[in-house]
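*Asks:*
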Amino acid sequence: MKGKTMINLFKPTWMIPAIYNVTPAQLKAKGIKAVFADLDNTLIAWDNPDGTPELKKWLHALQDAGIPLVVVSNNSEVRIAKALAALELPFVSRALKPLPIGIQKARHNLGLRKNEVVMVGDQYITDMWAAHMAGVASILVQPIVKTDAWNTRINRFFERFIKLRLRHRYPEMHFQKELK
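Going by the working numbering, the first residue of the sequence shown is number 32, and it counts up by one from there.
Below you can see the structure in the form of structure tokens.
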């Protein structure tokens, strides 16, 4: 890691307020052919698994553009299958983020190169770090709801320090309305 520090492993490629702000046209302009997304607080609220109308509209736009979405989550297969029952999305469970295993599995299943996929998530410690470990682009989104499951609260505590370090090192880093 010559010339880089550990903090760079948490730096997202892009920061967008919500996953729904990312259009298929923006993805295609960046050469992205598939989206991998975390589940809880990225696609759906962790405590309310029903997808919003906004999510369903966005998923249809991706589908119409021929861009597959695969959920890459550390949750169990049972939990993800239950949460996604109405959305009928493919997924990789027990992804072991921040390890790159789940992202690599999803990418290999689609037969895509690293530069053709993006990992979207709401956490630096799991999602952004996993994207870096897998060598793929990343999009950090703001959590859908302000509450978290108990295990995520632990990550959020440490993420406060990561955010401070990133802001200090990259003062230009902030949420933008679209991919630029």
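The C-beta atom is built at its ideal place from N, Cα and C for all residues, glycine as well. None of these values were measured; they are calculated from a predicted model.
(1) Starting from Leu-141, trace the beta strand (DSSP E) both ways and give me its first and last residue.
(2) Please state the DSSP three-state secondary structure of Val-109.
(3) Going by DSSP, what residues sit across from Ala-92 in a beta bridge?
(4) Taking the CB atoms as reference points, tell me whether Val-172 and Ile-50 lie closer together than 8 Å.
(5) Is there at least one non-hydrogen atom of the ligand ATP closer than 7 Å to the beta-carbon of Met-204?
(6) Is the beta carbon of Thr-83 less than 8 Å from the beta carbon of Asp-153?
(7) State buried or exposed for Glu-108, treating a residue as buried only when at least 16 other CB atoms are found within 10 Å of its CB.
(8) Just to confirm my understanding: we take Arg-138, look at its own chain, exclude 5 residues before and 5 after, and list those with CB closer than 6 Å. What are they?
*Replies:* If we stick to the structure as given:
(1) Taken as a continuous stretch (DSSP letters only), Leu-141 belongs to no beta strand (DSSP E), being part of the alpha helix (DSSP H) at 132–141.
(2) helix
(3) DSSP output for Ala-92 lists no bridge partner at all.
(4) yes
(5) Ligands are entirely absent from the displayed structure, and the ligand ATP is therefore not among its contents.
(6) no
(7) exposed
(8) Val-148
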